[in-house]
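Asker: Supplied in C-alpha cells, the structure appears directly below.
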C-alpha cells in the first residue's frame, strides 16, 4: 500500500486532516470528535452513508487513535529525515516517548526484554560479520605468503644450483690456470669470497686512492689474519665486490630476472669440460655475470684533457651544442652557438693535455648558431650540420667548404643524422614539425614525414637503413619504418615533457632523454612501457646531451654542470663527473661555477672507454673510465 492510500485511511472525511480524538459511528465510519459532533447537531445523519444516528451511536475509537498517532509520528520522522533537519538521538527519544506513553509497567518490562533480545541478536550478527572479514583477510594473506614461500623455495633451489655450478667452474679454472700458484689448496671458495669486516675496511682506503694497491701494499693490508698471501688481483676483487654489494638489491632483482628468462633447467655439469664449455651451460647466468663484470669494471671517471670551444673571452655565450667523433675516432667536431665548427685531432689533444690553449686542425664558419653535427660513417671528410635557421649543411672538412646547403625547413632545425648502413642518406628534424630525408646525390629532400608536434631529435637505427626514431614535443618517442611512414611502428609513451634526445644502445634497445629529468630505456621490439627509468641527473629546461657506447653504458649531461654515467641494468648513477671552470689564460681550474651552467653535449668514442662532454661555458672535457 502506497503512502497516499495510507494518508486517506487516516484522514477525516469531513475536515480532510488526520483524525484527532477519533470516534466511530454505529455504521462503522470514523471521524474527528469535533467534526462528527458539529455535523450531528445539524443533520443527525452519517456524512458518509446517510444513516440516521443517535448520540449514543458515536463512541470513542481508541485503537484508531493509537494507529493514527503512530502513523503521524512516522510521517514526521520521514519529513525530518528528508529535509535533513533532525538529530538521531532526539528522534529515537521522541519515538520511544510517544510509543510508551500509554504503556503499563508490565508492557515496559516486556519491551525491555524484547530490546535486550534484539541487542544480543544484532551483536552476534555484528561479531559474525567482523570475524568473516578477518577470516577473509587472513585467508588472502595466507595465500599470498604461501605463494611467496613457494617462490622463495624455488629461488633458494635456483641459487644453490647456481652456486654448485660456479664452484665447479672455479675448480676447473683453478686446475687449468696459474691461480693454483697463488691460492693454497686449503683455501675454500667461501674463504675467498667472504672476508672479515676489518679486512674490507682496510681495503676501502685503497678504493679511495687514485691507484689500485700494489702487491706489497695488499700483502701488508692482509697481514695478521693467518691467511695465504693475496695478490693485487685479489685486492681488486675485494674492491669490485664492495661496489657490487652497495647495489645489492638492484642486482638481486636483475639476477632473478635473468634466471626467469632462462627456460632450460641446469643440467648436470661434466667436470671434464673446459671453462669455455662450462660458460655456455646457462645463458641466463652468463648474462647476469656479464652485468656484474661490466658494472664493477670501472672505478671512476678521470679527465685526460680540457679544451675550450672559443678562445674569445668577450663572447656572451659559448654553449657547446654538439660534439662528435669521426668514423675512425681520429678527429672530433665541436659546434655550438658561436657559429663555428671546430675539428680537433684526438691524439694531439691528449698529447698536449698540459698546453693551455689547443687549436683546431680545421674550422668552418657558419651563418647561424649550430644545433647538431653528424659525421658520415663511410666518407671520412663529410660532416653534416643543422642550425637555428633551419638549414642543413654538408661540409667537406678537409677543405672547410660547403658541398651542399639544404634549405627546406621553415623553423629551427634541432637534429641531423647520417644513416650508418646507407651512408648517402641523412635525416633532419625541425620545429616546423617535419622530418626531412636527404641524399648526398640530391640537392633537395627526397622525402618528408609530417609529424604532429615539434621534432626535437632524430636518430637512425645503427643496424638498419629503414628504421628511424623521433623524439618530439608531444612527450613521445615515435619509431618508424621508412617504407611505411603513414603510421609509426611503435609509439613509446612515458615522458612528461618534450623528448630532447633519442640514442640507440644497440639494434633493439633505445634510450630517450626528456626535459622532465628522466632517461628511459625502451625495447623497440615491444610497444609496452619502458624497461627502466634512470635518475640522478637534473634536466628541467635545457638540452643536456645524451650518448651511449653502443653496448651497456649511457652518458648524459646535467643542469648542475656535471656529467652522469649509467649502466643499463641499474636505475641509479654509476658515476658523476663535476665540471670545473678553467682559466685558459693561466691554466688554473676552480670549482666556482654559476648555477646556470650545465653540461650541454656528450659523445662516446666508439669501442673505447673514452667519452667527451661540453658545457654551457664552452669547456670540453675528454674523460676516461678507469
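Residue numbers (UniProt numbering): 1 to 626.
Each residue gets a CB set at the ideal place from its N, CA and C atoms; glycine is no exception.
1. Determine the direct distance from the alpha carbon of residue 163 to that of residue 170, and round the result to whole angstroms.
2. Run through DSSP, which three-state label would residue 172 get?
3. On the CB-based measure, 16 or more other CB atoms within 10 Å of its CB, does residue 248 come out buried or exposed?
4. Rounded to the nearest angstrom, what separates residue 536 and residue 133 at their Cα positions?
5. Who does residue 652 pair with in a DSSP beta bridge?
6. Please state the DSSP three-state secondary structure of residue 102.
7. Just checking my contact of residue 254 with residue 291 at CB under 8 Å: how many whole Å lie between their CB atoms?
8. Should residue 320 be labelled buried (16 or more other beta-carbon atoms within 10 Å of its own) or exposed?
9. Determine the direct distance from the alpha carbon of residue 311 to that of residue 338, and round the result to whole angstroms.
10. Alpha carbon to alpha carbon, what distance is there between residue 257 and residue 174?
11. Please work out which residues of its chain come closer than 6 Å, Cβ to Cβ, to residue 404, disregarding the five sequence neighbours upstream and downstream, and give them in chain order.
12. Drop a sphere of 10 angstroms on the beta-carbon of residue 448, count the other beta-carbons inside from all chains shown, and report buried for 16 or more, exposed for fewer.
13. Assuming residue 309 contacts residue 550 (C-beta within less than 8 Å), just tell me the rounded distance between them.
14. With distances taken Cα to Cα, identify the nearest neighbour of residue 539 among 433, 497, 301 and 12.
15. Tell me which residues share the same chain as residue 490 and place their Cβ nearer than 6 Å to its Cβ, disregarding the 5 neighbours each side in the sequence.
16. Excluding sequence positions up to five away, which residues of its chain have a Cβ less than 7 Å from the Cβ of residue 451?
17. In three-state DSSP terms, what is residue 97?
18. Identify which residue in 140, 252 and 138 has its Cα closest to the Cα of residue 158.
19. Output the boundary residues of the beta strand (DSSP E) element that contains residue 512.
20. Would you call residue 42 buried or exposed, if buried means 16 or more other Cβ atoms sit within 10 Å of its Cβ?
21. Exposed or buried, residue 129, counting other C-beta atoms within 10 Å across all chains shown (16 or more means buried)?
22. Following the continuous beta strand (DSSP E) through residue 479, name the residue where it begins and the one where it ends.
23. Going by DSSP in three states, residue 205 sits in which element: helix, strand or coil?
24. Comparing the CB of residue 622 with every heavy atom of the ligand ZN, is any distance shorter than 6 Å?
25. Please report how far the alpha carbon of residue 245 lies from the alpha carbon of residue 296, in whole angstroms.
26. Could you spell out the range, first to last residue, of the beta strand (DSSP E) harbouring residue 615?
27. What separation, rounded to the nearest whole angstrom, lies between the Cα atoms of residue 509 and residue 355?
28. In angstroms, rounded to a whole number, what distance separates the CA positions of residue 521 and residue 333?
29. Taking only the alpha-carbon atoms, compute the straight-line gap between residue 420 and residue 324 and give it to the nearest angstrom.
30. Can you give the Cα-Cα distance for residue 70 and residue 53, rounded to whole angstroms?
31. Quick check: residue 578 and residue 303, are their CB atoms within less than 7 Å of each other?
32. Excluding the 5 residues preceding and the 5 following residue 277 in the sequence, name in chain order all residues of the same chain whose CB lies nearer than 7 Å to its CB.
33. Pop quiz: residue 64 and residue 30 are said to be a contact at Cβ under 8 Å. What is the actual Cβ separation, rounded to whole angstroms?
34. Around the Cβ of residue 681, are there at least 16 other Cβ atoms within 10 angstroms (buried) or fewer (exposed)?
35. Who are the near neighbours of residue 349 in its chain, counting only those whose CB is closer than 7 Å to its CB and skipping five residues on each side?
36. In angstroms, rounded to a whole number, what distance separates the CA positions of residue 481 and residue 468?
Answerer: Put simply:
1. For the purposes of this step, residue 170 is identified with residue 170 of the chain shown, where counting begins at 1. For the purposes of this step, residue 163 is identified with residue 163 of the chain shown, where counting begins at 1. The straight-line gap from Cα to Cα measures roughly 10 Å.
2. Mapped onto the chain shown, residue 172 falls at position 172. DSSP places residue 172 in helix when its eight states are reduced to three.
3. Mapped onto the chain shown, residue 248 falls at position 248. Flag for residue 248 reads exposed.
4. On the chain shown, position 536 is the one that residue 536 refers to. On the chain shown, position 133 is the one that residue 133 refers to. Their backbone Cα atoms lie some 44 Å apart in a straight line.
5. The chain is shown only over 1 to 626; residue 652 falls outside these bounds and no answer can be derived.
6. Here residue 102 is taken as the residue at index 102 of the chain shown, counted from 1. Of the three classes helix, strand and coil, the one that applies to residue 102 here is coil, per DSSP.
7. Residue 254 sits at position 254 when you count from the first residue of the chain shown. Residue 291 sits at position 291 when you count from the first residue of the chain shown. That belief holds up - the Cβ atoms of residue 254 and residue 291 are roughly 6 Å apart, short of 8 Å.
8. Within the chain shown, numbered from 1, the residue matching residue 320 stands at position 320. When all chains shown are included, residue 320 counts as buried.
9. Here residue 338 is taken as the residue at index 338 of the chain shown, counted from 1. Here residue 311 is taken as the residue at index 311 of the chain shown, counted from 1. Cα to Cα, residue 338 sits roughly 11 Å from residue 311.
10. Residue mapping note: residue 174 aligns to position 174 of the chain shown, counting from 1. Residue mapping note: residue 257 aligns to position 257 of the chain shown, counting from 1. Roughly 30 Å separates the two Cα atoms.
11. Reading the chain shown from its first residue, position 404 is the one you call residue 404. 394.
12. Taking the first residue of the chain shown as position 1, residue 448 is located at position 448. Burial call: exposed.
13. As a working note, residue 309 is residue 309 in the chain shown. As a working note, residue 550 is residue 550 in the chain shown. Between residue 550 and residue 309 the Cβ distance is about 26 Å, and since that is not below 8 Å, they are no contact.
14. Position 539 of the chain shown, counted from the first residue, corresponds to residue 539. When only C-alpha atoms are compared, the closest one is 497.
15. On the chain shown, position 490 is the one that residue 490 refers to. Cβ neighbours of residue 490 beyond the five flanking positions: 479 and 527.
16. Sequence index remark: in the chain shown, residue 451 carries index 451 (1-based). Result list for residue 451: 433, 434, 435, 470 and 472, in chain order.
17. For this step, residue 97 is matched to residue 97 along the chain shown. Reduced to three states, the DSSP call for residue 97 is helix.
18. Along the chain shown, one-based indexing puts residue 158 at 158. For the residues 140, 252 and 138, the minimum Cα distance to residue 158 belongs to 252.
19. Your numbering for residue 512 matches position 512 in the chain shown. Here the beta strand (DSSP E) through residue 512 covers 509-514.
20. Working through the chain shown from its first residue, we reach residue 42 at position 42. By the neighbour-count rule (16 or more Cβ atoms within 10 Å), residue 42 is not buried but exposed.
21. Reading the chain shown from its first residue, position 129 is the one you call residue 129. With fewer than 16 other Cβ atoms within 10 Å, it is exposed.
22. In the chain shown, the residue the question calls residue 479 occupies position 479. From DSSP, the beta strand (DSSP E) with residue 479 extends over 476-481.
23. Residue 205 sits at position 205 when you count from the first residue of the chain shown. A caution first: residue 205 carries a pLDDT of 46, below 50, which makes its placement in the model unreliable, though a value can still be read off. Looking at residue 205 - three-state DSSP - the assignment turns out to be helix.
24. With respect to the ligand ZN, the structure shown offers nothing to examine, as it has no ligands at all.
25. Within the chain shown, numbered from 1, the residue matching residue 245 stands at position 245. Within the chain shown, numbered from 1, the residue matching residue 296 stands at position 296. Straight-line Cα distance between these residues: approximately 10 Å.
26. On the chain shown, position 615 is the one that residue 615 refers to. Counting along the chain, the beta strand (DSSP E) containing residue 615 begins and ends at 610-615.
27. Counted from its first residue, the chain shown places residue 509 at position 509. Counted from its first residue, the chain shown places residue 355 at position 355. Those two C-alpha atoms are separated by around 40 Å.
28. Here the question's residue 521 lines up with position 521 in the chain shown. Here the question's residue 333 lines up with position 333 in the chain shown. Cα to Cα, the separation comes out at about 27 Å.
29. Your numbering for residue 420 matches position 420 in the chain shown. Your numbering for residue 324 matches position 324 in the chain shown. Cα-Cα distance, rounded: 14 Å.
30. For this step, residue 70 is matched to residue 70 along the chain shown. For this step, residue 53 is matched to residue 53 along the chain shown. Each residue's alpha carbon lies about 30 Å from the other.
31. Residue 578 sits at position 578 when you count from the first residue of the chain shown. Residue 303 sits at position 303 when you count from the first residue of the chain shown. Going by C-beta atoms, residue 578 is not nearer than 7 Å to residue 303.
32. For the purposes of this step, residue 277 is taken as the residue at position 277 of the chain shown. Any reading at residue 277 needs caution, since the residue's pLDDT is 48, under 50, leaving its predicted position unreliable; the model's value is listed next. Answer for residue 277: no residue qualifies.
33. Indexing the chain shown from 1 puts residue 64 at position 64. Indexing the chain shown from 1 puts residue 30 at position 30. Residue 64 to residue 30, Cβ: 6 Å. Contact.
34. Past the boundaries of the shown model lies residue 681; the chain is included only from 1 to 626, so the question cannot be answered.
35. For the purposes of this step, residue 349 is identified with residue 349 of the chain shown, where counting begins at 1. If we look at residue 349 and ignore the five residues flanking it on each side, its Cβ neighbours are 305, 307, 358 and 622.
36. Within the chain shown, the letter at position 481 stands for residue 481. Within the chain shown, the letter at position 468 stands for residue 468. Going by the C-alpha atoms only, they are around 7 Å apart.
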